[in-house]
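A.B. asks:
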Amino acid sequence: MKRNPLDEYAGKRDFKQTREPGPRVKKTERVATGNLFVIQKHAASHLHYDFRLEMEGVLKSWAVPKGLPMRRGDKRLAMQVEDHPLDYARFEGIIAPGNYGAGTVMVWDIGTYEVKDAEPLKALEAGKVHFTLKGKKLKGEWAIIRIRNPNEKGKQPWLIFKASEDLPELSAKKENESAISGRSMEKIAAAQDAEWQSNRAAAGSEPDSFKARIRKAAAKAKAAKEKSEEQGTDIAIASKKLPHGKVAFIEPMKCKLLDEIPNGDDWIYEIKFDGIRALTLKRGDDVELYSRLRNKMTHRFGDVAEALKKCDCESAVFDGEVVALEQSGRSSFQLLQMSRMPGQSPPIVYYLFDILNLDGKDLKNLPLHERKKILQQVVPTNDDLLRISDHLGGRPEQLWTEVCQRGLEGLIGKQRNSKYEPGKRSGAWIKVKCTSAQEFVIGGYTPPQGAREKFGAIMVGYYEGDKLIFASKVGTGFDRRVLEALHKQFQKLKQPECPFANLPDKRPGRWGQGITASQMKRCTWLRPQLVAQVRFTEWTMDGGLRHPVFMGLREDKQPREVVKEKPER
Ligand code: MN
4 MKRNPLDEYA GKRDFKQTRE PGPRVKKTER VATGNLFVIQ KHAASHLHYD FRLEMEGVLK
64 SWAVPKGLPM RRGDKRLAMQ VEDHPLDYAR FEGIIAPGNY GAGTVMVWDI GTYEVKDAEP
124 LKALEAGKVH FTLKGKKLKG EWAIIRIRNP NEKGKQPWLI FKASEDLPEL SAKKENESAI
184 SGRSMEKIAA AQDAEWQSNR AAAGSEPDSF KARIRKAAAK AKAAKEKSEE QGTDIAIASK
244 KLPHGKVAFI EPMKCKLLDE IPNGDDWIYE IKFDGIRALT LKRGDDVELY SRLRNKMTHR
304 FGDVAEALKK CDCESAVFDG EVVALEQSGR SSFQLLQMSR MPGQSPPIVY YLFDILNLDG
364 KDLKNLPLHE RKKILQQVVP TNDDLLRISD HLGGRPEQLW TEVCQRGLEG LIGKQRNSKY
424 EPGKRSGAWI KVKCTSAQEF VIGGYTPPQG AREKFGAIMV GYYEGDKLIF ASKVGTGFDR
484 RVLEALHKQF QKLKQPECPF ANLPDKRPGR WGQGITASQM KRCTWLRPQL VAQVRFTEWT
544 MDGGLRHPVF MGLREDKQPR EVVKEKPER
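Written as structure tokens, this is what we have:
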């Protein structure tokens with residue numbers, strides 16, 4: 004059997020104690036444009052920089068005490084250390100005291116690298132890699148060369164040189180600023196709950212992964228804005244010289260509903276929010292929000308309109324969606340209910356995803372990716388009410404699954420080079436929906452399995468007349484907090500009899516959903532008093548649910564009201 008290249012990495016760490024990523028080797032597809040590189044600033048017992056290059060599904064790593072040299076011919080010592088998992092590239096936060104490498108970690112720079120005229124792995128094995136970095140801070144050529152003798156601890160020393168032209172020294176601010184979050188080492192250290200922005204999100208294993216991804220998108224937007232400001236190519240500022248043109252309502256472009264998500268380099272993906280589509284017209288300090296049917300909504304979202312006055316432009320037309328946000332970063336039906344309750348107002352944010360006119364200049368025929376760049380420059384990033392709905396990284400199928408697990412409506416796909424086509428459903432913008440959803444009555448639960456605690460799945464059904472009809476087990480959609488809270492509520496509702504009129508099934512059922520008499524013996528039954536909202540892809544032939552996901556309890560529903568709703572067709 005082949006040795007796992009991350010054995011050494013795993014051996015040094017206790018993953019119950021550290022939030023660093025687990026030792027997972029990724030099967031990666033080679034990308035023609037280059038592979039990932041990252042430099043992490045690491046305040047361990049000695050401050051150093053960890054330089055990492057993606058090769059064969061892991062990050063080849065060196066500790067560089069003084070960081071990469073900036074002047075041609077300068078050389079620095081680089082100690083090769085154990086390979087790290089690819090997910091490590093976005094690890095930023097604190098390694099807790101007592102763990103290997105304890106201290107603060109910042110993603111100091113991140114981007115892609117290319118090796119000239121050689122296969123990276125072969126160059127590495129030969130002991131000389133001449134590479135070009137395309138990072139947020141570092142751009143240019145370097146070379147890293149192995150020195151013959153390993154030191155007494157078996158560590159392999161290398162030397163890293165600056166090749167080609169000199170680079171200007173970074174400002175002190177840039178030197179101490181994360182490439183993904185903009186935070187200083189001090190800010191990262193001070194953050195109570197060490198954030199980590201990780202590819203592990205794609206596996207859906209991290210409760211905050213979605214939040215992290217949204218944050219990542221925001222950080223990316225901020226970095227792009229700063230970069231363009233530095234380079235003096237700020238379109239917004241340049242366009243201020245243009246005459247203040249007329250801006251008028253533009254009918255929002257529509258998404259075509261697809262069954263499957265399109266894949267490929269020419270698509271970008273955004274969250275489909277279950278909020279309200281809102282087009283903004285800004286004329287100086289006069290800001291109005293309109294619905295897709297051209298109804299004014301400014302009075303409902305006055306704070307948003309106020310925030311938009313701070314945009315870096317005289318006039319503009321924006322497209323976006325007003326959303327009620329839960330703390331986890333998802334928008335949800337529970338919040339829409341909450342906003343109607345007196346004294347309860349969930350945070351409202353405006354997710355901007357397009358700009359159609361800037362200072363009188365029509366942008367509709369620019370490719371989408373260019374409009375997005377302009378949007379990032381114009382919209383203030385320091386306002387909590389305004390967020391740019393940036394595109395999400397990762398594989399589309401994984402994104403789709405994750406989005407559904409988070410209880411969101413679905414995913415939007417947009418062709419990177421598409422024009423803005425007012426009022427049209429041309430197919431350049433598409434949406435894929437997660438599922439249907441309805442309420443169900445909880446009538447029992449199955450025992451926990453594997454690593455899961457408290458219970459395995461809830462058993463749900465609906466009323467047909469006086470009879471409670473079993474529909475499905477629902478085993479996903481719970482995080483640990485929800486599991487515990489539900490389990491606690493269940494204890495007060497236990498009863499010996501099964502409340503479902505149609506159980507047991509005679510057979511296990513076509514999709515393994517049926518409950519036989521012997522399976523019933525292991526279930527715990529509950530008085531049918533709790534109502535759950537459940538998303539699912541469709542009703543199965545024998546009356547079950549395919550891919551059901553628990554979304555929350557409905558406190559506004561009486562169990563007796565819960566009937567089978569007609570599937571959307
Ligand atoms: Mn380190």
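Under this note's numbering, the first residue of the sequence shown is numbered 4, with each subsequent residue one higher.
Ideal Cβ placement from N, Cα and C applies to all residues, glycine included.
Hey, is the stretch 303-315 in contact with the stretch 362-376, meaning 3+ C-beta pairs nearer than 8 Å?
C.D. replies: Contact fails: fewer than three Cβ-Cβ distances are below 8 Å.
A.B. asks: Within a Cβ cutoff of 8 Å, which residues of the same chain sit near E233, ignoring the five residues on either side of it in sequence?
C.D. replies: In this prediction, E233 scores a pLDDT of 48, lower than 50, which makes its location untrustworthy; the coordinate-derived value is nonetheless stated afterwards. Answer for E233: no residue qualifies.
A.B. asks: Is any non-hydrogen atom of ligand 1 found closer than 8 Å to the C-beta of Q43, if you look at the structure I gave you?
C.D. replies: Yes, Cβ of Q43 sits closer than 8 Å to a heavy atom of ligand 1.
A.B. asks: Give the range of the beta strand (DSSP E) segment to which H372 is assigned.
C.D. replies: Premise fails: H372 lies in the alpha helix (DSSP H), 371-381, not in any beta strand (DSSP E).
A.B. asks: Check for me: the alpha helix (DSSP H) holding L170 runs from which residue to which?
C.D. replies: Run containing L170: none; DSSP gives neither H nor E here.
A.B. asks: Are the stretch 477-495 and the stretch 424-437 in contact at 8 Å, needing three or more beta carbon pairs?
C.D. replies: The stretch 477-495 vs the stretch 424-437: no contact.
A.B. asks: Taking K497 as the reference, which of Y466, Q532, R484 has the closest Cα?
C.D. replies: Comparing Cα positions, the closest option is Q532.
A.B. asks: Starting from the N-terminal side, write out each stretch of the beta strand (DSSP E) that is 3 residues or longer and does not extend beyond the stretch 274-340.
C.D. replies: For the stretch 274-340, whole beta strand (DSSP E) runs of length 3 or above, ordered along the chain, are 279-286, 289-293, 318-327.
A.B. asks: Classify G413 as buried or exposed, calling it buried when 16 or more other Cβ atoms lie within 10 Å of its own Cβ.
C.D. replies: Buried is the call here.
A.B. asks: Can you confirm whether E487, when its beta carbon is compared against all beta carbons of chain C, has any partner nearer than 9 Å?
C.D. replies: In the structure shown, chain C cannot be found, because there is only a single protein chain.
A.B. asks: So, under 8 Å CB-CB, Y272 and G416 are touching, yes? Tell me the CB distance rounded to an integer number of Å.
C.D. replies: That belief holds up - the Cβ atoms of Y272 and G416 are roughly 5 Å apart, short of 8 Å.
A.B. asks: Taking 8 Å as the cut-off, is the beta-carbon of V84 closer than that to any non-hydrogen atom of ligand 1?
C.D. replies: Flag set: Cβ of V84 near ligand 1.
A.B. asks: Does the beta carbon of H302 fall short of 8 Å from some heavy atom of ligand 1?
C.D. replies: Because no heavy atom of ligand 1 lies under 8 Å away, the Cβ of H302 does not count as near it: no.
A.B. asks: Just curious, the alpha helix (DSSP H) that H490 is in, first and last residue?
C.D. replies: Element bounds for H490: 483-494.
A.B. asks: T384 to R390, Cα distance in whole Å?
C.D. replies: Roughly 7 Å separates the two Cα atoms.
A.B. asks: For A327, does the count of other Cβ atoms within 10 angstroms reach 16, so buried, or fall short, so exposed?
C.D. replies: Answer is buried; the Cβ neighbour count reaches 16.
A.B. asks: Using DSSP with H/G/I as helix, E/B as strand and the rest coil, what is K137?
C.D. replies: K137: strand per DSSP, three-state reduction.
A.B. asks: Closer than 8 Å is the cut-off here; do at least three beta carbon pairs connect the stretch 284-304 with the stretch 259-270?
C.D. replies: Contact between the stretch 284-304 and the stretch 259-270 is absent, because fewer than three Cβ pairs lie under 8 Å.
A.B. asks: Given 8 Å as the limit, tell me if D53 has its C-beta closer than that to any heavy atom belonging to ligand 1.
C.D. replies: It does: the Cβ of D53 is within 8 Å (strictly closer) of some heavy atom of ligand 1.
A.B. asks: Look at A92 and K139 and say whether their C-beta atoms are less than 9 Å apart.
C.D. replies: The answer is no: Cβ separation not under 9 Å.
A.B. asks: Are L162 and K69 touching if we call contact CB-CB under 9 Å?
C.D. replies: For L162 and K69, no; Cβs fall outside 9 Å.
A.B. asks: Could you check if D469 is buried or exposed, using at least 16 other CB atoms within 10 Å of its CB as the buried criterion?
C.D. replies: Answer is exposed; the Cβ neighbour count stays below 16.
A.B. asks: Can you find the residues in the same chain that come closer than 6 Å, C-beta to C-beta, to P72, ignoring five residues on each side of it along the sequence?
C.D. replies: Contacts found: R79, K165.
A.B. asks: Is V444 closer than 9 Å to G459 when the C-beta atoms are compared?
C.D. replies: It is not a contact, given that the beta carbons lie outside the stated cut-off.
A.B. asks: Which first and last residues belong to the beta strand (DSSP E) in which M82 is found?
C.D. replies: Its beta strand (DSSP E) spans residues 78-88.
A.B. asks: By the 10 Å Cβ neighbour count, where 16 or more other Cβ atoms means buried, how is A520 classified, buried or exposed?
C.D. replies: It counts as exposed.
A.B. asks: Candidates D169, P502, D112, E168: which alpha carbon is nearest E178's?
C.D. replies: When each option's Cα is compared against that of E178, the closest is D112.
A.B. asks: What is the DSSP secondary structure of D53, counted as helix, strand or coil?
C.D. replies: In this structure, D53 counts as strand in the three-state DSSP scheme.
A.B. asks: Within its chain, find whatever has a CB closer than 7 Å to the CB of E568; leave out the 5 residues flanking it on each side and keep chain order.
C.D. replies: Excluding positions up to five away in sequence, the list reads Q441.
A.B. asks: Identify, in the order they occur along the chain, each residue of the same chain with its Cβ nearer than 8 Å to the Cβ of M188, setting aside the five sequence neighbours on each side.
C.D. replies: Around M188: K44, A46, T107, M109, N179.
A.B. asks: Between P26 and I98, what straight-line distance do the alpha-carbon atoms span, to the nearest angstrom?
C.D. replies: Roughly 16 Å separates the two Cα atoms.
A.B. asks: Quick check on E95: does DSSP put it in helix, strand or coil?
C.D. replies: Coil, per DSSP.
A.B. asks: In whole angstroms, what separates the C-alpha of E541 from that of L359?
C.D. replies: Near 38 Å, if we compare the C-alpha coordinates of L359 and E541.
A.B. asks: Select from M523, Q492, E487 the residue whose C-alpha is nearest the C-alpha of A504.
C.D. replies: Of the candidates M523, Q492, E487, the one whose C-alpha sits nearest the C-alpha of A504 is M523.
A.B. asks: Is DSSP giving A241 helix, strand or coil here?
C.D. replies: Confidence in A241 is poor, its pLDDT being 37 and thus under 50, which makes the residue's placement too unreliable to answer from.
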